[in-house]
Amino acid sequence: MLIKFETKSNRVKGLSFHPKRPWILASLHTGIIQLWDYRMGTLLDTYDEHEAPVRGIDFHSTQPLFVSGGDDYKIKVWNYKLRRCLFTLQGHSDYIRSVEFHSQQPWIVSASDDQNIRIWNWQSRQCIAVLPGHNHYVMSASFHPRDDLIVSASLDQTVRVWDISGLKKKSTQATPSAFSGPAGAAEELLKMSQLNQDLFGTGDAMVKYILEGHDRGVNWAAFHPTMQLIISAADDKQVKMWKINDVKAWEVDTLSGHVGNVSCALFHPKKDLIVSNSEDRTIRFYDVTKNTFVKSYRREQDRFWTLDVHPSQNLIAAGHDTGLIVFKLERERPSYDTFKNEVFFVKDKFLKRFDYKAQKEQTVAILRRSTPRPARSLVYNYHENYVLVTSDQDGGSYELFKVPKVSGTSSSSSSDVDICTQLKKGKAVAAIFTGLKKYAVLERSRKVYIKNITSDQTKEISLPTNIGAVEGIFPATSGRMLLRSEDKVHLYDFEQQTVIASITAANVKYVVWNGDNSRVALLSKHVIIVANSKLEPLCNVHETIRIKSGSFDENNVLLYTTLNHMKYCLESGDSGTIKTLDLPLYLVKVEGSKVHFIDREGNVGATEIDTIEYRFKSALVNGKISQIRNIIGQSQILGDSIIAYMQQKGYPQVAMKFVRDDNTKFGLALECGNIEAALQAAHKLDNKDCWARLGQEALRQGNLNIVEKCYQRTKDFERLSFLYLTTGGTNNLKKMLKIAKHREDVQSRFHNALFLGDVEHRIDVLREVGQYNLAYVTAITHGLDRIAQEIQPYLDANFQMPSLDFAPQLLVPPTPLCTETNWPLLNTSESVQFDAKGISGDDAEQVNKEDLSQWDDDGGIDSIGVSANGFMDGLDDLQDKQQQVSTPSELGTNSWETLEPFETGGIMDSDAAFPSDYDSTNSALLEPTPGRVFSEVWLENSQVPSDHISANSFATAMNILNKSTGIVNFAPLKPIFINMYMASRGSLSLTPSLPSLSLPMQKVTTLQQRDDDNDDADDERVAYCPIVSAPKISELNDKLKNGLKSVTSGRFEEALSTVREVLQAIVFAPLPNKKSDQDAKENIKVCVEYITALRLEIHRRKIHASEPVRSAELAAYFTKCKLNPTHTLLGLNNAMTINFKLENYLVAVAFATRLINLPNGTEKMVKDAKYVLSQKETRNTNKHELNYDERNPFVICNHSMTPIYSGSPKELCSYCQASYLPKYKDTLCVVCDLGKIGQSAPGLYSYLQQFKFAKHSE
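Using the working numbering, you'd call the opening residue of the sequence shown number 948 and step up by one each time.
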């Protein structure tokens, strides 16, 4: 049993599957109705108008309706599209147990505790029949799927079958009204008729059979969907099956097994099964044909109350105390395998073959299998005609069959085919063929064995331990197979007997190879990973719905199916939907636009798909221009999604050729920088926003003519004036001044006068707005005394000329010597070119010269807000100036249409060449090749990591450090990297309007050429290298001394941080000669010893109170570190004191002896040591045993902080050479936090000597 969906809620009393959509209704004991999408696992809606528990629920088969009945005596009809209740039917006087729609008539049948069954017409909203007869609660009532019958179950221990043919006949006859009197009399007669139905029932429905046999109340009864059978479930813990015909009904069999009240029982619509559930917390399955128990499912805590089966799919739903479950009995995925143009698959007990070319299905053989379980997988050996079939029987098993050779005349009938006998069988989770007569099996012990078909020879494959437990095996290329572990898939080579490649892919269920085995798709539940034959990932796709199958087409495009869609996946990672599926399909082969598949019934079919979208995307990504031409020439594909895709992938110029919408074309033209095309679209749109965006892009490209036109269209006078100022358009500024005056825009007048240097006009503006003081100051400042005298009478009484402590300068704009024109542009060939006329049918329009020669379309100045009366005559010179603007071809702008495309297209395939008659002298100008960046020169001239860091090539610097010193963790070096990079550049301030200029800090250095046979220099050359701010050995020595002072004063955390910083910085120290290399190595040893000692002491202090013996051991280890004499004395004194207090007298004596033999000991230290030695004769024991041997030399494992005695195996850090136990191999060093334990490295100085030119000096 496979659970597909499960919810947690209050007790579920009613369930109903939607006949077409993946929905299920659940009515709860709380009165709430829930609508679930069981495929997506989401709650779609809730309905809560019932005031009591809802026990009955049912979807209509064709209308967007469902009906519910509850303990509030109400039947409600709902519209799930409108998400509301349409109406309520009332008539029952007690709890309503079940409701159901009729499949053809507009009827609802309801059963109630008022001992009646009612039939309602939901169109007229009236009760049309009452069926009395039961003398206890009626627990269920349902229509027959075809006949005019109703079956009901009651606690009166009977099942009744009702004949409603009279009601159907009456409803189909159109009879005139029986009463045509006054309205009041008609209403009274209707009430009397309804009361008569309630008391005595109607003659339109009558009891046909009463089925007695249960000993206690019957909870459920239902018809078989196709056979004349009835199933009933009762409180006597039994399920009974009844058979009916036209004249009688009788009991067929009684099915036992439940130990509690049986709540519900139903026939499975697609299998010969009976499903029942009970308050004993079980669901049981019985075989209808054999009347035997098949299997059961049990929940430990929840009682089951209701069931429903899907009318067309293999799905069952059960409601229990805490929710519901939706499940199916077994896997429905067909087992199949493909070979060239054939597919072999299992259908029932037959092995079938389908030929794509002949479009013919043949029954190859009958598989006499030992298990009734459906096959989980099938693998076909086309060389020897063997078939491996695996199933889930007994936790996993396989069977090997010899298949008769297939002839072209094989019959499709099962009566004249050979029976395929079983050769071998065994227990296995998976099985695949690995050779002509060999196959591999994965047993439940997670071991892989190779077996021989012709003999009993078995060989276990030795798998690497680091791949973990193998959970699945899949076929691969010749001599290899795929192994699936928990989160990876590994490629195993039989010849090398090892894993040669791995890829991260969790829970892979299926593997699909393309035709030439160069691509593989790893399919898991929700993820697809596409890789090459070496398991190098190419792309991946994530889906929210389960992935079912996949298949590659001839272009290596993966087509795959989910539960309800067929989709595609490109190697670029793009994916999309091809079509919607009504039912899940399993892809077998893709041939062009035809996709072959197998459905869940084992039927082989084919469907046509539209491949244009993914073929176009694939060709565009791969730059296959010829394919793009063909696809576009043959199809009309350019919807919004394709346009957006081309724009996203960086081909807006291609998309622009085929877009007809002006708004979209405008956006694409701006994106690809085609100002002329954008101008055409802007004219058609004539939108202010479009003109503003066009002006911004034209300004970026330096197309001043179009910028001017855009500012005119948007009436952006301020920007227009500033444009004239920066380009030297003095005459146009004068016109703008006149326009501002006509517009009565004082601010614009003042600005234009300021730009022109027209002082008198500025004074006039200030006088007009009443700013006489400012006007007077302006006149006096510029020496206009006459005007100043005219203004003086209007000055304020207390006005005084401002006194300045500096010499002012007149603000007069310089006279432009030459006017600015459009920026010169270089024509470049398009990345992708097409003949727009041949593809889209429209000639590419050229920019009209007149469009650029006027202020506006009508050639006048009215469009910018100036009246034509009396003012246009004074601006003729402005029009004359604008009419002299050159066309785009004269200006050299990059108009795409003016270029002659290559015959092979703008982007050519890798094997394409220029045509023989191509004349390079007539080709478009190409962009000049930029000069070399200084950082590239640095990288070429040096292999020193610090030089690469200065050149901003962190990746190569890290690569050099990894190869030379074995550093694998670069996070601690990040501040050094950044500081070194920033120090290699200087910043030069320019004018205020420009950003600072970054300049390289470089020097001339000497590079030596090395001779392989002689260490002396053979040749020298001069080169540029960066000035590096790397720390020198002397500087690091000073920093190390400061760190050692912290050790003396007992600041161990501070000392540890300082010494480790020194150790990490040594790697960047200059190494001009061997002596500097030796000095660096000596410093590394000192740092390692101190870091080891400091880590021991810091850890000892943390555990001193809780673990005194371990504390004594760490103190003893500290004394073995090679430190300065002062620090060794401190360590010996500390170890001596700790062990003496622990009554480890012999160990304390050893430390005291070493302490006295060292010079410079303090008086107290010597006194304490002599006292310890004096106790040697009387106290010559050790109370605690320490992991410490004074006489046996050892080094400290820095990870476990335990001794590694002489002769024991150990591993060293690749950078600092710190010691570790072998079990810590391949982990990060805890001393330097940089290197990898167990990895060897030559050292930076030795590494640099292998290059022909080495850096000679700093």
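Here a beta-carbon is modelled for each residue, glycine too, at the ideal position from N, C-alpha and C. Here the structure is a predicted model, which is why all the values come from computation and not from measurement.
The continuous stretches of beta strand (DSSP E) do not include Glu1442, and DSSP gives it neither H nor E. Residue ranges of uninterrupted beta strand (DSSP E) with 3 or more members, entirely inside the stretch 1897 to 1953 and ordered along the chain, are 1932 to 1935, 1944 to 1947. The residues Ile1622, Leu1626, Leu1641, Gly1642, Ala1645, Leu1799, in chain order, have a CB closer than 8 Å to that of Ile1653 in the same chain once the five nearest residues on each side in sequence are set aside. Beta bridge pairing from DSSP links Ala1591 with no other residue. Distance from the CA atom of Trp1770 to the CA atom of Gln1595, rounded to whole angstroms, is 29 Å.
Trp1067 has its alpha-carbon roughly 27 Å from the corresponding atom of Trp983. The Cβ-Cβ distance between Ser1540 and Glu1555 falls below 9 Å. Here His1083 carries a coil assignment [DSSP, helix/strand/coil].
Counting only residues of its own chain and dropping the five nearest sequence neighbours on each side, His1512 has a CB closer than 7 Å to the CB of Thr1524, Thr1527, Leu1528.
Glu2036 places its beta carbon 9 Å or farther from that of Leu2133.
In the DSSP secondary-structure assignment, Ile1221 is bridged to Phe1214, Tyr1233.
When Leu2175, Thr954, Ile980 are compared, the shortest CA-CA separation from Thr989 is found for Thr954. Contact between Glu1501 and His1473 does not hold, since the beta-carbon distance rounds to 27 Å and is not under 8 Å.
Here Val2033 is buried: its Cβ has 16 or more other Cβ atoms, across all protein chains shown, within 10 Å. Counted as a single uninterrupted DSSP element, the beta strand (DSSP E) harbouring Gly1017 occupies residues 1012 to 1017.
For the pair Lys1190 and Lys1371, the Cα-to-Cα distance works out to about 44 Å. Using a 10 angstroms sphere on the CB of Thr1253, the tally of other CB atoms reaches 16 or more, which defines it as buried. Non-local beta-carbon contacts of Asn1063 in its own chain, meaning distances under 6 Å to residues more than five positions away in sequence, involve Val1077, Pro1079 in chain order.
Taking Arg1002 as the centre and dropping the five residues before and after it, the same chain places the C-beta of Lys960, Gly961, Ser974, Gly1016, Gly1017, Asp1018, Tyr1042, Ile1043, Arg1044, Ser1045 closer than 8 Å to its C-beta, in chain order.
Boundaries of the beta strand (DSSP E) around Cys1032: 1031 to 1037. For Pro1422, the three-state secondary structure derived from DSSP is strand.
The stretch 1052 to 1124 contains, as complete alpha helix (DSSP H) runs of 4+ residues, the segments 1112 to 1119 (chain order). Counting along the chain, the unbroken beta strand (DSSP E) around Cys1516 starts and ends at 1512 to 1516.
Taking Lys2170 as reference, the option from Thr1912, Glu2158, Ile2013, Lys1514 with the minimal CA-CA separation is Glu2158. Taking a contact to require three or more Cβ pairs closer than 8 Å, the stretch 2188 to 2197 and the stretch 2018 to 2026 qualify as touching. In the structure shown, Ser2187 falls within a coil segment according to DSSP collapsed to helix, strand and coil.
Taking all protein chains in view, the Cβ of Cys1765 is surrounded by fewer than 16 other Cβ atoms within 10 Å, so the residue is classified as exposed. DSSP, read as helix, strand or coil, puts Tyr1020 in coil.
Taken in chain order, the whole alpha helix (DSSP H) runs of length 4 or more contained in the stretch 2082 to 2131 are 2092 to 2103, 2110 to 2121.
Counting the other CB atoms within 10 Å of its CB gives Gln1890 a total of 16 or more, which places it among the buried residues.
Residue burial is scored here from C-beta neighbours: Trp1197 has fewer than 16 other C-beta atoms within 10 angstroms and is therefore classed as exposed. One thing to note: His2146 has its Cβ within 9 Å of the Cβ of Leu2168.
One alpha carbon belongs to Tyr1928, the other to Glu1887, and they sit about 17 Å apart.
Contact between Lys1635 and Ala1624 is absent: CB atoms are separated by about 19 Å, not below the 8 Å threshold. Straight across, the Cα-Cα distance linking Phe2141 with Gly2185 is about 19 Å.
By the neighbour-count definition (other C-beta atoms within 10 Å, threshold 16), Ile1157 is an exposed residue.
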